[in-house]
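Chemist:
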Amino acid sequence: MLTVSTLSEDSLGDSVTDDSTTAQRAQPTIVELINVSKWAAPARLTTRSRQNDALQSLIELCVALWQAKNLSKGVLFSEPLDTLLDDLSLQIPAGCVVGVVDIGGRSRTAFLKVVGNVQPPSRGEVRLYGRAGSVAQAELFSMPHRTCRINFANSAKLTGLQAADIDAGLERIPSFSGLGEYLDVPQRRLPKWVSSDLAISLMCCLDLDLLITEEVSRPVSDAVKESWSEYLRSAPEKKKTVVLSGKRVENIIAASTHLLLIDKGRIRAFGPTQEICADHMPFLEMAATTVSKIDDRFDSAGSSISDEEDEDLDAVDNEDLDAVDNEADHESVFPVAETPLEIVETPLEVTETPVESGPAESDLPLWEDGRTRLSFEAHQFHVAARAQGLDARTLKRLDHSYDYESDLCRLMCPERPLFRREDGGNIMIPVQTFVPNLQLRPELELSLTKQEGPVLRIRARDNITVSDPSLVMLETPLPPHLLANERYAISVGLTVVGDSGPPRVLGLKDSVKFRVRRDDNDVPVEPNCDLHGSASWEFERCTDEERTSDTALWFSFAPDGRGEVTRSFGGIPIVSEFEELRFSTSLVVGEPNSEVSASLDLATPASGTIRYALPTPEKITEPGQYSVSVVLRGKELGPSLFRVTMTTLTRASAEARVLPIRVQCDGCLIVSRETGPHVLTAGKPAAMELDRSWNVRSLSTERTRLGTAC
Amino acid sequence: MLTKTAAIASPNERRPIFIIGPLGPSPWVHLRSAWRNRYLMGPLCYLALAVTYRFTILGWWWLIIRVTLPTLGLIVIFQHIGSLQPRDLPYPLFVISGMSLWTILGVGLTQGTRRMRIVRGISFRLALPKILALVAGMALPGVYALGFLLLLFGGIAYYYATSGTLFIGSLWQLAFFPVSLLLAGMLTVGILAVTSVVFLVARDVRMFTIFLVQCWFYFTPIIYPLDVLPKAWRGAVLFLNPMAPLIELSRWSLLGTGTLHLPSLLTASAVCLGVFWLGLCFMSRAEVAIPLLPVK
Numbered sequence: 049m050l051t052v053s054t055l056s057e058d059s060l061g062d063s064v065t066d067d068s069t070t071a072q073r074a075q076p077t078i079v080e081l082i083n084v085s086k087w088a089a090p091a092r093l094t095t096r097s098r099q100n101d102a103l104q105s106l107i108e109l110c111v112a113l114w115q116a117k118n119l120s121k122g123v124l125f126s127e128p129l130d131t132l133l134d135d136l137s138l139q140i141p142a143g144c145v146v147g148v149v150d151i152g153g154r155s156r157t158a159f160l161k162v163v164g165n166v167q168p169p170s171r172g173e174v175r176l177y178g179r180a181g182s183v184a185q186a187e188l189f190s191m192p193h194r195t196c197r198i199n200f201a202n203s204a205k206l207t208g209l210q211a212a213d214i215d216a217g218l219e220r221i222p223s224f225s226g227l228g229e230y231l232d233v234p235q236r237r238l239p240k241w242v243s244s245d246l247a248i249s250l251m252c253c254l255d256l257d258l259l260i261t262e263e264v265s266r267p268v269s270d271a272v273k274e275s276w277s278e279y280l281r282s283a284p285e286k287k288k289t290v291v292l293s294g295k296r297v298e299n300i301i302a303a304s305t306h307l308l309l310i311d312k313g314r315i316r317a318f319g320p321t322q323e324i325c326a327d328h329m330p331f332l333e334m335a336a337t338t339v340s341k342i343d344d345r346f347d348s349a350g351s352s353i354s355d356e357e358d359e360d361l362d363a364v365d366n367e368d369l370d371a372v373d374n375e376a377d378h379e380s381v382f383p384v385a386e387t388p389l390e391i392v393e394t395p396l397e398v399t400e401t402p403v404e405s406g407p408a409e410s411d412l413p414l415w416e417d418g419r420t421r422l423s424f425e426a427h428q429f430h431v432a433a434r435a436q437g438l439d440a441r442t443l444k445r446l447d448h449s450y451d452y453e454s455d456l457c458r459l460m461c462p463e464r465p466l467f468r469r470e471d472g473g474n475i476m477i478p479v480q481t482f483v484p485n486l487q488l489r490p491e492l493e494l495s496l497t498k499q500e501g502p503v504l505r506i507r508a509r510d511n512i513t514v515s516d517p518s519l520v521m522l523e524t525p526l527p528p529h530l531l532a533n534e535r536y537a538i539s540v541g542l543t544v545v546g547d548s549g550p551p552r553v554l555g556l557k558d559s560v561k562f563r564v565r566r567d568d569n570d571v572p573v574e575p576n577c578d579l580h581g582s583a584s585w586e587f588e589r590c591t592d593e594e595r596t597s598d599t600a601l602w603f604s605f606a607p608d609g610r611g612e613v614t615r616s617f618g619g620i621p622i623v624s625e626f627e628e629l630r631f632s633t634s635l636v637v638g639e640p641n642s643e644v645s646a647s648l649d650l651a652t653p654a655s656g657t658i659r660y661a662l663p664t665p666e667k668i669t670e671p672g673q674y675s676v677s678v679v680l681r682g683k684e685l686g687p688s689l690f691r692v693t694m695t696t697l698t699r700a701s702a703e704a705r706v707l708p709i710r711v712q713c714d715g716c717l718i719v720s721r722e723t724g725p726h727v728l729t730a731g732k733p734a735a736m737e738l739d740r741s742w743n744v745r746s747l748s749t750e751r752t753r754l755g756t757a758c
Numbered sequence: 348m349l350t351k352t353a354a355i356a357s358p359n360e361r362r363p364i365f366i367i368g369p370l371g372p373s374p375w376v377h378l379r380s381a382w383r384n385r386y387l388m389g390p391l392c393y394l395a396l397a398v399t400y401r402f403t404i405l406g407w408w409w410l411i412i413r414v415t416l417p418t419l420g421l422i423v424i425f426q427h428i429g430s431l432q433p434r435d436l437p438y439p440l441f442v443i444s445g446m447s448l449w450t451i452l453g454v455g456l457t458q459g460t461r462r463m464r465i466v467r468g469i470s471f472r473l474a475l476p477k478i479l480a481l482v483a484g485m486a487l488p489g490v491y492a493l494g495f496l497l498l499l500f501g502g503i504a505y506y507y508a509t510s511g512t513l514f515i516g517s518l519w520q521l522a523f524f525p526v527s528l529l530l531a532g533m534l535t536v537g538i539l540a541v542t543s544v545v546f547l548v549a550r551d552v553r554m555f556t557i558f559l560v561q562c563w564f565y566f567t568p569i570i571y572p573l574d575v576l577p578k579a580w581r582g583a584v585l586f587l588n589p590m591a592p593l594i595e596l597s598r599w600s601l602l603g604t605g606t607l608h609l610p611s612l613l614t615a616s617a618v619c620l621g622v623f624w625l626g627l628c629f630m631s632r633a634e635v636a637i638p639l640l641p642v643k
């Protein structure tokens with residue numbers, strides 16, 4: 049019997065405790081929340097950043113102390129903080145398995161932390177009418193050199209249990225988990241999955257009235273999974289309460305007898321699972337499509353005791369040393385000769401071969417990061433679910449209200465790709481004008497969040513005329529594969545052209561939207577631009593003048609030609625269509641009168657492999673070190689993702705030697721952060737022009753530092 | 348804002364076993380939460396003691412070494428300086444009785460500054476009132492003080508056996524020693540409430556604390572009697588250094604010698620209580636601030 053009833057849409061946020069139903073309850077309450085609120089930590093406490101981390105942290109501490117009273121009320125410098133839990137009042141009866149569901153994961157994480165006494169509420173009170181414990185607290189007292197048994201015993205004491213109860217619980221762990229032999233092993237020797245399974249086994253074996261766990265599918269081993277499932281099944285009979293959550297909504301629903309839905313920090317509904325599923329399926333579906341990231345600190349297992357008892361405070365932090373760029377080791381690997389031997393008359397052969405092997409396009413791991421892959425999958429699911437083909441995203445520190453019904457979805461996705469790279473998308477800037485015949489020239493700059501300076505600048509080639517005061521949307525397409533797997537910050541600039549009159553007043557709506565317009569066949573389409581002067585946009589690569597010659601992208605290859613990137617650095621290699629790309633490598637010729645062949649392969653998932661090769665071997669008369677280079681125009685490559693391979697073959701040695709290459713553009717080297725194929729892309733696809741040459745130069749007389757012009 | 352539990356009857360007519368409420372920013376809210384979580388004191392004291400000598404070969408023998416060797420060094424050297432000798436007490440007993448109280452502040456400050464960092468792993472998974480961690484951290488200097496007391500009583504027994512004089516206070520005087528311990532403890536916790544929080548973001552404070560403790564040691568009449576100081580300095584030391592009257596009180600209560608300067612003692616008590624309260628206020632605000640910081 050429930051203590052609460054399911055709420056309708058109109059009564060969001062109201063207390064779900066109904067006095068009239070109190071008398072009807074058959075189950076005693078195990079947890080009672082009274083006006084509980086919790087606010088998220090603000091993103092920043094200060095506006096300036098200082099180079100000295102300790103000074104910056106000290107200033108932030110002072111600000112936080114000064115604003116402590118306001119922070120406890122959910123306000124920072126008169127600006128409200130994000131609300132995770134908003135004045136919740138709730139009673140959870142004993143003997144329920146309550147699944148907590150929300151959209152995004154922040155509110156349910158906060159709820160579990162508050163109920164499990166992991167974090168205190170910002171306001172209000174949580175009353176526990178029984179012994180409670182959270183699985184995360186099983187490893188509260190984790191000393192790596194002590195055995196699990198001792199650590200668990202100490203952790204259980206920190207939750208307030210008596211020694212006799214703790215000992216009895218520890219005795220039950222072997223039969224529950226089948227991992228009894230690990231109990232007397234030092235914790236540091238245990239695999240992480242064993243620690244995790246033992247933790248959940250401990251909390252199940254202790255005689256707790258309320259158990260909180262953040263992941264219903266946490267157990268790894270079969271024995272613990274089975275015991276855990278049995279525990280959940282038998283919890284109602286034994287009058288034990290479990291409050292759980294998880295990353296997959298279907299698992300939560302399957303394990304729960306009751307569901308608690310939290311929407312924007314308020315209780316949307318609480319009741320038996322079947323009723324909630326019947327009445328709130330759209331909400332559950334939306335929650336299912338959102339991949340949430342449980343707070344790692346809530347989920348992690350590891351030593352909770354600092355190992356810094358004997359630290360030397362004067363010691364240099366070794367992490368700083370690891371960040372030193374050790375590219376200097378290669379500064380003289382590829383010297384450049386002064387006098388090239390040019391073979392420009394030799395015709396070049398271009399062969400295009402289809403992709404012979406490899407995964408299909410949809411299976412291509414475009415991102416190495418598993419987290420981003422999950423986001424990508426969620427994004428695909430979201431796209432499929434929305435019949436209108438709506439998948440707009442808003443970037444930056446904007447509001448994150450989610451309007452399900454309108455055509456525009458404003459949702460902050462700080463860690464997800466903007467859209468599928470192979471689709472491209474459109475960027476839209478809403479502008480409110482107040483005067484007639486306004487000529488504008490918008491400009492967008494995309495920056496990497498961890499870099500200074502933009503990596504991509506998008507300008508309108510012609511002025512845009514807005515004839516009447518109105519709200520207009522300036523839209524531009526981003527071609528497919530233009531942007532790499534990064535999170536971008538967008539800056540919007542708006543130039544008023546021909547400003548000879550009084551100052552123009554413009555209102556730039558505080559949002560930049562992305563949208564992928566699709567037709568009935570779910571194919572992305574170009575936007576219709578009906579504004580005067582809204583001609584095609586051009587893309588310009590922003591040159592980073594401060595990039596040094598040490599920031600190079602190097603490949604080393606196996607002898608059979610398979611490519612393997614050895615190291616990579618931060619940045620986005622984006623090449624405009626008019627720039628030259630020079631691929632070069634060095635070759636050591638040991639025997640006189642050797643014949644050298646060279647080829648450059650650019651493999652793309654869409655168009656197969658483009659090979660540039662010397663049709664006949666080049667004869668090298670004298671032994672020495674030579675550079676081999678090929679120059680291509682960026683335009684020729686088109687916007688795509690390339691995997692670059694450069695191979696040289698010396699006939700005399702009868703061995704294919706694949707050497708590291710470098711990619712150079714306009715005097716500065718292209719860099720890439722990813723350990724994988726980097727983006728070589730250009731502006732809009734245009735007619736191809738073949739413009740390339742091979743240079744074979746003697747390197748014996750000149751040695752220059754890496755990065756100087758070839 | 349907390350609702351008063353007394354005004355709201357439990358819907359089940361049962362009292363809650365545990366109440367989870369905010370930890371700050373009011374000091375009274377913080378004290379209430381600390382009282383509710385008082386069951387954590389035992390495990391936290393065990394933690395404070397268990398981590399001290401981990402990964403050492405000598406283990407708890409270090410306690411004996413750290414108590415005896417520096418003190419014996421001071422005694423051996425300074426007992427030959429005639430002007431530093433007390434008139435009515437053997438110099439070793441004089442020094443040890445002072446050290447027994449000084450160790451509360453000295454060890455408490457130097458070790459306790461890192462207390463917040465040591466327990467941060469626990470505070471990530473448990474809503475732990477931070478003041479409890481500081482108070483529990485005083486277990487270590489308390490053990491040190493106990494070591495000094497054992498050494499002192501050993502010395503008293505030695506002098507009684509050799510000279511026939513029993514250098515010990517009467518029972519009612521001995522009752523004042525816990526008072527001096529409590530006041531010294533409150534002073535230490537009040538200072539630690541600030542230094543341990545600042546240490547989370549800037550490690551300079553620990554170096555400053557070590558320096559402060561060393562200077563403070565020499566401004567406190569531990570290795571010299573107060574009489575050796577000029578009169579003007581005596582007043583300054585007694586009134587500006589809250590540990591000076593407390594050391595005199597502890598010496599008077601343990602050994603039954605010396606005189607108490609009541610005005611300075613009352614001033615020192617007020618300072619200790621004031622520092623403790625200010626530290627509590629700071630800690631209650633820090634409860635709100637600490638989760639926002641990039642603590643490494």
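Chains A and B supply the protein sequences, listed in that same order.
So the first sequence is residues 49 to 758, counted in the working numbering.
So the second sequence is residues 348 to 643, counted in the working numbering.
Yeah, the Cβ is synthetic: ideal placement off N, Cα and C, and Gly gets one too.
A quick note: this is a predicted structure, and the numbers were derived from the prediction, not measured.
Would the region 534 to 541 of chain B and the region 616 to 626 of chain B be scored as touching if the rule is three or more Cβ pairs under 8 Å?
Modeler: yes
Chemist: For the region 491 to 502 of chain B, list every residue whose C-beta sits within 7 Å of some C-beta in chain A, in sequence order.
Modeler: none
Chemist: Measuring alpha carbon to alpha carbon, tell me which of B:ARG383, B:VAL635 and B:TRP409 ends up nearest GLY494 (chain B).
Modeler: B:TRP409
Chemist: From the DSSP output, in three-state form, read off SER304 (chain A) for me.
Modeler: coil
Chemist: Is PHE365 (chain B) close to chain A? Criterion is C-beta to C-beta, closer than 8 Å.
Modeler: yes
Chemist: Could you check the C-alpha separation between PHE566 (chain B) and ILE248 (chain A) for me, to the nearest Å?
Modeler: 54 Å
Chemist: Between the alpha carbons of GLY605 (chain B) and TRP599 (chain B), how many angstroms are there, rounded?
Modeler: If you take the alpha carbons of GLY605 (chain B) and TRP599 (chain B), they lie about 6 Å apart.
Chemist: Quick check on GLU173 (chain A) - is its C-beta less than 8 Å from some C-beta in chain B?
Modeler: The Cβ of GLU173 (chain A) sits closer than 8 Å to at least one Cβ of chain B.
Chemist: Rounded to a whole number of angstroms, what is the C-alpha to C-alpha distance between GLY294 (chain A) and ILE260 (chain A)?
Modeler: 11 Å
Chemist: What does the Cβ neighbour count give for MET554 (chain B), buried or exposed, with the cut at 16 atoms within 10 Å?
Modeler: exposed
Chemist: Could you check which residue in B:MET388, B:ALA504, B:LEU448 and B:ILE367 has the C-alpha nearest to that of ALA531 (chain B)?
Modeler: The shortest C-alpha separation from ALA531 (chain B) is found at B:LEU448.
Chemist: To the nearest angstrom, how far is it from the Cα of LEU238 (chain A) to the Cα of TYR230 (chain A)?
Modeler: Answer to the nearest angstrom: the Cα atoms are 7 Å apart.
Chemist: Just the Cα atoms here: how many angstroms apart are MET630 (chain B) and ALA116 (chain A)?
Modeler: 11 Å
Chemist: Using a C-beta cutoff of 8 Å, does ALA540 (chain B) count as contacting chain A?
Modeler: So no, ALA540 (chain B) is outside the interface.
Chemist: For VAL145 (chain A), does the three-state DSSP call read helix, strand or coil?
Modeler: DSSP places VAL145 (chain A) within a strand segment (E or B) once states are collapsed to three.
Chemist: I'd like to confirm the pairing. Which residues does DSSP put opposite PRO192 (chain A) in its beta bridges?
Modeler: Answer is none; PRO192 (chain A) lacks a bridge partner.
Chemist: To the nearest angstrom, report how far apart LEU50 (chain A) and SER243 (chain A) are at their CA atoms.
Modeler: Bear in mind that the predicted position of LEU50 (chain A) carries a pLDDT of just 23, short of 50, making it too unreliable to give a figure here.
Chemist: Using a Cβ-Cβ distance under 8 Å, would SER632 (chain B) count as near chain A?
Modeler: Strictly speaking, residue 632 (chain B) in this sequence is Arg, with Ser absent from that position. With 8 Å as the cut-off, ARG632 (chain B) counts as an interface residue toward chain A.
Chemist: Using a Cβ-Cβ cut-off of 8 Å, state whether ASN199 (chain A) counts as contacting chain B.
Modeler: no
Chemist: By the criterion of Cβ-Cβ separation under 9 Å, what are the contact partners of LYS240 (chain A) in chain B?
Modeler: Neighbours of LYS240 (chain A) on chain B: none; closest Cβ ~16 Å, over 9 Å.
Chemist: How many angstroms separate the CA atom of GLN436 (chain A) from the CA atom of ALA480 (chain B)?
Modeler: Because GLN436 (chain A) carries a pLDDT of 23, less than 50, the predicted location of this residue cannot be relied on, and no value is offered for it.
Chemist: Shortest alpha-carbon distance to SER518 (chain A) belongs to which of A:LEU486, A:THR524, A:ASN511 and A:ASP510?
Modeler: The shortest C-alpha separation from SER518 (chain A) is found at A:LEU486.
Chemist: Strictly under 8 Å for the Cβ-Cβ distance: is PRO517 (chain A) near chain B by that measure?
Modeler: no
Chemist: By the DSSP assignment, the alpha helix (DSSP H) with ASN118 (chain A) in it spans what residues?
Modeler: Here the alpha helix (DSSP H) through ASN118 (chain A) covers 116 to 120.
Chemist: Using the C-alpha atoms, what's the distance from ILE478 (chain B) back to GLY455 (chain B)?
Modeler: 14 Å
Chemist: With a Cβ-Cβ cutoff of 8 Å, do ALA303 (chain A) and VAL145 (chain A) count as a contact?
Modeler: Yes, they are a contact pair.
Chemist: Can you check which of these residues, A:VAL148, A:GLN210 and A:ILE140, is closest to ILE82 (chain A) by C-alpha distance?
Modeler: A:ILE140
Chemist: Between the region 369 to 384 of chain B and chain D, which residues of the former have CB atoms less than 8 Å from a CB of the latter, in chain order?
Modeler: Among the protein chains in the structure shown, which are A and B, there is no chain D.
Chemist: Given that a residue counts as buried once 16 or more other Cβ atoms are within 10 Å of its Cβ, and exposed if not, what is PRO610 (chain B)?
Modeler: exposed
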